[in-house]
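J.: Can you read through this structure? Questions will come right after.
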């Protein structure tokens with residue numbers, strides 16, 4: 001199994017789904033690219049493990065939030081491309097506002113000093 | 001497409017999806033390797049690095065597959081297959097388990113199919129739950145408290161009631177159908193025009209008659225589907241045709257749909273307008289109508305009862321017999337009759353049998369659990385969770401239940417053929433089938449059974465800690481608690497078996513009582529049939545014809561006696577009259593009601609009746625000014641307690657008119673005129689030739705009884721020829737032997753006794769197997785302990801007693817509980833005891849003896865095995 005570098009952040013429950021949906025907002029792509037994209041944008045802080053990525057992709061597909069089809073990759077190989085469905089878009093909006101509310105709340109509790117000084 | 005259907009689709013494409021996933025992961029690996037190669041790694045090295053980065057491919061595959069959502073299903077299939085393998089591996093155990101379940105489920109399935117047809121399925125009328133029948137409550141009279149109402153009451157009730165949407169009457173009107181083809185007697189009913197709209201049933205061809213036609217006495221009829229097929233070859237042109245009924249032309253205006261029936265019998269072929277004559281509309285003494293009514297929406301049965309009782313008292317306030325109340329009963333109850341109680345009882349009995357089967361199986365599984373302890377321990381040690389183990393055990397039980405159900409359905413089919421005869425004659429003939437309702441019920445029963453017998457062992461096995469199970473010779477199994485549990489199972493099944501046995505015993509006693517009832521008739525080799533006499537309305541012609549036909553029958557070789565009576569014995573409950581003794585005032589009349597029968601002189605010798613005192617009718621009893629009568633013992637005892645009625649004078653019928661006084665000349669020993677299972681009533685017999693002065697209300701001696709020297713059925717055609725030689729247009733119908741009549745009347749008690757008896761015997765068998773199983777399990781389980789005890793000086797006698805005592809203790813506890821339950825159950829089956837008060841003591845004693853004998857055997861075998869344990873071998877077993 002993978003050894004995780006100490007500097008990396010563990011995924012919180014359910015956050016991977018949100019990240020996948022957000023990544024696909026930019027356009028259809030395949031599993032490997034999704035993983036790389038999340039890693040790159042998070043400046044290597046988030047490491048997506050294949051053992052979580054593929055179950056998550058198939059789970060989202062089963063729920064109808066994303067759809068899959070075989071397309072040619074930019075290197076000309078056949079790859080399973082995922083794209084966001086209408087349902088997935090709605091879900092993304094909902095999950096996103098939920099997450100934002102959650103992180104705001106976390107921030108308020110973790111940094112009470114900020115509020116007192118205000 | 002929602003997620004469930006998507007997953008279902010994926011399930012169908014399982015193989016493709018698997019390959020696809022593999023390609024997808026392969027692509028990921030290649031992409032990763034390429035990326036690394038671009039960063040400068042050698043091809044080989046890049047591929048290995050990608051692999052390492054990726055992790056365990058098959059694990060990823062597995063985790064992804066889990067998301068497809070059929071892991072559960074696959075698990076189930078695996079467990080089921082494993083269950084099947086277990087069944088093959090232990091053929092003995094499996095055969096017992098499946099056979100036990102098959103008995104339980106087969107029994108309950110067959111019973112339910114009959115129950116469903118008679119008591120659950122909607123009757124073939126619109127909104128049949130709101131239909132009720134109304135009867136007069138003549139509590140004060142001698143004949144029967146429940147009496148058919150008079151058409152005049154229908155007129156008044158219909159005018160005054162506030163709770164029914166409508167009421168209809170239904171009167172007897174059997175008729176001879178002639179014209180095209182042989183004359184044929186057909187069962188017919190006269191009904192008011194309200195009958196059709198009330199039941200919400202219309203003819204499938206043509207129409208029903210109208211109010212106008214009913215009131216104006218227009219000769220129209222609606223015929224049954226059966227008659228239409230049988231006699232008119234399903235011709236649609238029958239509507240509008242004229243047919244001859246009792247030699248008068250009637251126009252057929254409608255044909256009823258197949259499957260339509262109404263009381264009193266499924267066999268009614270003709271419905272004609274009631275067309276009450278004016279005098280009938282105001283005469284409250286002419287009781288020959290059945291009245292059916294439809295409750296308005298929102299009117300409860302209780303409300304209807306109170307309201308109708310009050311109305312009836314008001315309507316009959318001026319009746320010279322005094323006002324009377326009424327009974328209001330749901331139509332369903334009227335149609336099902338006693339069968340209802342029998343079916344409910346038998347359904348409960350089959351539930352008890354299934355419960356016993358389940359308890360037995362639970363015990364078997366618990367005992368087997370010990371054998372499988374190691375297997376379970378290994379599974380648990382390898383990480384199977386408790387839930388997983390329970391679901392595995394339950395699945396295995398389901399497999400057993402499934403096989404048991406299939407075997408049960410195979411058993412149920414012949415049982416259903418037998419049960420078809422339990423469907424009352426008041427309903428249409430029903431063929432019991434394994435339709436979806438019955439199959440759904442059996443499936444539900446099987447699942448319930450699985451939970452009952454599978455859950456306890458599953459929970460217990462899964463609770464066991466792996467260490468205990470894995471330890472060599474691990475014998476600590478479940479300790480005292482499991483004994484307690486298994487013991488209560490044995491007690492439960494013993495109690496249920498005792499309950500069934502006791503109820504069965506009570507029914508058997510009742511049945512024997514009914515079988516041995518003195519009919520007052522020698523029933524063997526007695527042929528009966530009816531020759532309707534509507535063509536002989538004139539008294540002299542009728543007497544001449546009856547004498548001539550009897551003479552002609554007597555001439556048939558093999559005929560010993562022939563006689564006639566106005567109602568075939570054992571079949572009819574009605575035809576009663578008021579009577580008055582010489583010197584009595586009219587005040588005593590309201591209570592004085594007796595059945596009356598008009599007979600020919602040969603009737604008594606033919607049926608083999610016996611006299612208590614006086615004489616039978618003799619040749620000297622001719623038409624005269626001083627007619628004679630014979631009464632039965634009930635009549636004599638009621639009116640002349642401790643005295644002889646011979647010589648007393650009485651008159652009956654229209655008492656106010658000048659009539660003949662009849663002199664009682666004899667008392668005949670009870671003849672069960674009303675039916676084998678019916679109560680005896682005061683009865684008066686008159687000689688046909690002496691009934692010229694009194695209009696006997698159609699009581700003509702149309703019923704013929706013939707005593708033969710050989711099998712009575714063999715002379716049927718000769719009898720027809722003999723009658724036709726006197727009058728070639730004379731219909732002959734309802735030909736049957738007296739034994740057939742008796743058999744039919746006893747069919748419900750016969751069948752319920754046979755079925756309950758069968759259930760009880762099976763229950764006893766299963767319960768004793770259960771007892772045997774638990775004890776022999778205990779012996780096997782405690783061989784070591786027995787060895788130690790014997791090594792320490794216990795004698796084999798002591799060991800034998802200790803095991804025997806435990807078995808008998810369980811049996812006695814079960815027996816006590818079972819007898820208490822039986823007491824409660826017996827109270828609910830009084831309708832099946834036909835007024836007979838069975839003696840509990842012999843039944844209870846017998847049941848206890850049988851149970852104890854069986855229990856002693858079931859205990860003795862394992863206990864003896866225990867006492868024969870060789871301590872040396874037992875301890876070496878360690």
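Residue numbers (my numbering), protein chains in the order written: chain A, 1 to 118; chain B, 1 to 878. No residue lacks a Cβ here, since even glycine has one placed at the ideal position from N, Cα and C.
Can you tell me whether residue 473 of chain B is buried or exposed? The criterion is at least 16 other CB atoms within 10 Å of its CB, across all chains shown.
T.: Translated into the one-based positions of the second chain, residue 473 of chain B becomes position 473. Low per-residue confidence applies at residue 473 of chain B: pLDDT is 49, beneath 50, and the placement is therefore not dependable enough to give any value.
J.: With residue 892 of chain B as the anchor, note down where its alpha helix (DSSP H) starts and where it stops.
T.: The requested residue 892 of chain B is not part of the displayed model; chain B covers only 1 to 878.
J.: Between residue 584 of chain B and residue 139 of chain B, what straight-line distance do the alpha-carbon atoms span, to the nearest angstrom?
T.: Indexing the second chain from 1 puts residue 584 of chain B at position 584. Indexing the second chain from 1 puts residue 139 of chain B at position 139. About 22 Å.
J.: May I ask you to report which of helix, strand or coil DSSP gives residue 480 of chain B?
T.: The residue you call residue 480 of chain B lines up with position 480 of the second chain. Its pLDDT being 48, under 50, residue 480 of chain B is placed unreliably in this model, and the value from its coordinates should be taken loosely. Of the three classes helix, strand and coil, the one that applies to residue 480 of chain B here is helix, per DSSP.
J.: May I ask you to list, following chain order, the residues of the stretch 69-84 of chain A that have a beta carbon less than 7 Å from some beta carbon of chain B?
T.: 77, 79, 80
J.: Pop quiz: residue 128 of chain B and residue 331 of chain B are said to be a contact at Cβ under 8 Å. What is the actual Cβ separation, rounded to whole angstroms?
T.: Counting from one through the second chain, the residue named residue 128 of chain B turns up at place 128. Counting from one through the second chain, the residue named residue 331 of chain B turns up at place 331. Their Cβ separation, rounded to whole angstroms, is 6 Å, which keeps residue 128 of chain B and residue 331 of chain B in contact under 8 Å.
J.: Measuring CA to CA, which of B:54, B:41, B:8 is closest to residue 27 of chain B?
T.: Against the second chain, residue 27 of chain B aligns to sequence position 27. Checking every option, the nearest Cα to that of residue 27 of chain B belongs to B:54.
J.: Closer than 8 Å is the cut-off here; do at least three beta carbon pairs connect the stretch 794-814 of chain B with the stretch 843-860 of chain B?
T.: yes
J.: In whole angstroms, give me the CA-to-CA distance for residue 563 of chain B and residue 681 of chain B.
T.: Working through the second chain from its first residue, we reach residue 563 of chain B at position 563. Working through the second chain from its first residue, we reach residue 681 of chain B at position 681. Going by the C-alpha atoms only, they are around 22 Å apart.
J.: Could you check which residue in B:528, B:343, B:455, B:748 has the C-alpha nearest to that of residue 389 of chain B?
T.: Here the question's residue 389 of chain B lines up with position 389 in the second chain. Among B:528, B:343, B:455, B:748, the Cα nearest to that of residue 389 of chain B is on B:455.
J.: According to DSSP, is residue 594 of chain B helix, strand or coil?
T.: Indexing the second chain from 1 puts residue 594 of chain B at position 594. Residue state, collapsed to three classes: strand.
J.: Determine the extent of the alpha helix (DSSP H) in which residue 217 of chain B is found, giving its start and end residues.
T.: Residue mapping note: residue 217 of chain B aligns to position 217 of the second chain, counting from 1. For residue 217 of chain B, there is no enclosing alpha helix (DSSP H), as DSSP gives it neither H nor E.
J.: Find the residues of chain E that neighbour residue 43 of chain B, judging by a C-beta separation of less than 8 Å, and give them in chain order.
T.: Protein chains A and B are contained in the structure displayed, whereas chain E is not.
J.: Interface residues of chain B around residue 62 of chain A at Cβ under 9 Å?
T.: The residue given as residue 62 of chain A occupies position 62 in the first chain. Near residue 62 of chain A (Cβ distances below 9 Å), the residues of chain B are 3, 6, 7, 10, 67, 68, 69.
J.: Can you tell me which of the three DSSP states residue 728 of chain B falls into?
T.: Here residue 728 of chain B refers to the residue found at position 728 when the second chain is read from its first residue. Residue 728 of chain B: coil per DSSP, three-state reduction.
J.: Counting contacts by CB-CB distance shorter than 7 Å, is residue 106 of chain B in contact with chain A?
T.: The residue given as residue 106 of chain B occupies position 106 in the second chain. Output row for residue 106 of chain B: interface = no.
J.: Let me know the alpha helix (DSSP H) ranges lying completely inside the stretch 47-87 of chain A, each 4 residues or longer, listed in chain order.
T.: 50-63
J.: Scan the stretch 22-48 of chain A for residues whose Cβ lies nearer than 9 Å to a Cβ of chain B and list them as they occur along the chain.
T.: 30, 31, 32, 33, 35, 36
J.: Counting only Cβ pairs nearer than 7 Å, list the residues of chain B close to residue 51 of chain A.
T.: If you number the first chain from 1, residue 51 of chain A lands on position 51. Ordered by position in chain B, the residues that pass the 7 Å Cβ test against residue 51 of chain A are 55, 59, 60, 63.
J.: Three-state secondary structure (DSSP) at residue 704 of chain B?
T.: Looking up residue 704 of chain B in the second chain gives position 704. It is a strand residue.
J.: By how many angstroms is the C-alpha of residue 609 of chain B removed from the C-alpha of residue 211 of chain B?
T.: The residue given as residue 211 of chain B occupies position 211 in the second chain. The residue given as residue 609 of chain B occupies position 609 in the second chain. Going by the C-alpha atoms only, they are around 49 Å apart.
J.: Tell me the rounded alpha-carbon separation between residue 312 of chain B and residue 639 of chain B.
T.: Position 312 of the second chain holds residue 312 of chain B. Position 639 of the second chain holds residue 639 of chain B. Cα to Cα, the separation comes out at about 30 Å.
J.: Report the start-end ranges of each alpha helix (DSSP H) in the stretch 749-823 of chain B that is 4 residues or longer and not cut off at the edges.
T.: 783-791
J.: Across which residues does DSSP place residue 685 of chain B in a beta bridge pair?
T.: Looking up residue 685 of chain B in the second chain gives position 685. DSSP output for residue 685 of chain B lists B:597, B:630 as bridge partner(s).
J.: Can you tell me the Cβ-Cβ gap for residue 500 of chain B and residue 352 of chain B, rounded? I've got them flagged as a contact below 8 Å.
T.: By one-based count along the second chain, residue 500 of chain B stands at place 500. By one-based count along the second chain, residue 352 of chain B stands at place 352. Contact flag correct, Cβ pair sits at about 6 Å.
J.: Measure the alpha-carbon distance for residue 433 of chain B versus residue 92 of chain A and round it to whole angstroms.
T.: As a first step, residue 433 of chain B must be located in the second chain, where it is residue number 433. As a first step, residue 92 of chain A must be located in the first chain, where it is residue number 92. Distance between the alpha carbons of residue 433 of chain B and residue 92 of chain A is about 56 Å.
J.: Which residues, taken in chain order from the stretch 294-321 of chain B, show a beta carbon closer than 9 Å to some beta carbon of chain A?
T.: none
J.: Note down, in chain order, each residue of its chain lying with its Cβ closer than 7 Å to the Cβ of residue 86 of chain B, except the 5 sequence neighbours on either side.
T.: Taking the second chain and counting its residues from 1, one reaches residue 86 of chain B at position 86. For residue 86 of chain B, where only same-chain residues beyond five positions count, the Cβ hits under 7 Å are 396.
J.: On the premise that residue 529 of chain B lies in contact with residue 732 of chain B, defined as a C-beta separation below 8 Å, what is that separation, rounded to the nearest angstrom?
T.: As a first step, residue 732 of chain B must be located in the second chain, where it is residue number 732. As a first step, residue 529 of chain B must be located in the second chain, where it is residue number 529. With a Cβ gap of about 6 Å, residue 732 of chain B and residue 529 of chain B count as contacting.
J.: Going by DSSP, what residue range makes up the alpha helix (DSSP H) through residue 18 of chain B?
T.: Walking along the second chain from the start, residue 18 of chain B turns up at place 18. Boundaries of the alpha helix (DSSP H) around residue 18 of chain B: 14-38.
J.: Compare the Cα-Cα distances from residue 412 of chain B to each of B:150, B:508, B:11, B:438 and report the closest residue.
T.: Taking the second chain and counting its residues from 1, the one referred to as residue 412 of chain B is at position 412. Cα-wise, what sits closest to residue 412 of chain B is B:438.
J.: Quick one: is residue 105 of chain A buried, meaning 16 or more other Cβ sit within 10 Å of its Cβ, or exposed?
T.: As a working note, residue 105 of chain A is residue 105 in the first chain. With fewer than 16 other Cβ atoms within 10 Å, it is exposed.
J.: Rounded to whole angstroms, what's the CA-CA distance from residue 266 of chain B to residue 342 of chain B? Just pull it up for me.
T.: One-based indexing of the second chain puts residue 266 of chain B at position 266. One-based indexing of the second chain puts residue 342 of chain B at position 342. Distance between the alpha carbons of residue 266 of chain B and residue 342 of chain B is about 20 Å.
J.: CB-CB under 7 Å to residue 636 of chain B, same chain, minus the five flanking residues each way: which ones, in chain order?
T.: As a position in the second chain, residue 636 of chain B is number 636, starting the count at 1. Around residue 636 of chain B: 645, 667.
J.: Can you find the residues in the same chain that come closer than 7 Å, C-beta to C-beta, to residue 829 of chain B, ignoring five residues on each side of it along the sequence?
T.: The residue labelled residue 829 of chain B in the question sits at position 829 within the second chain. Cβ within range, chain order: 341, 345, 503.
J.: Taking only three categories from DSSP, how would you classify residue 668 of chain B?
T.: Here residue 668 of chain B corresponds to residue number 668 of the second chain, with the count starting at 1. Residue state, collapsed to three classes: strand.
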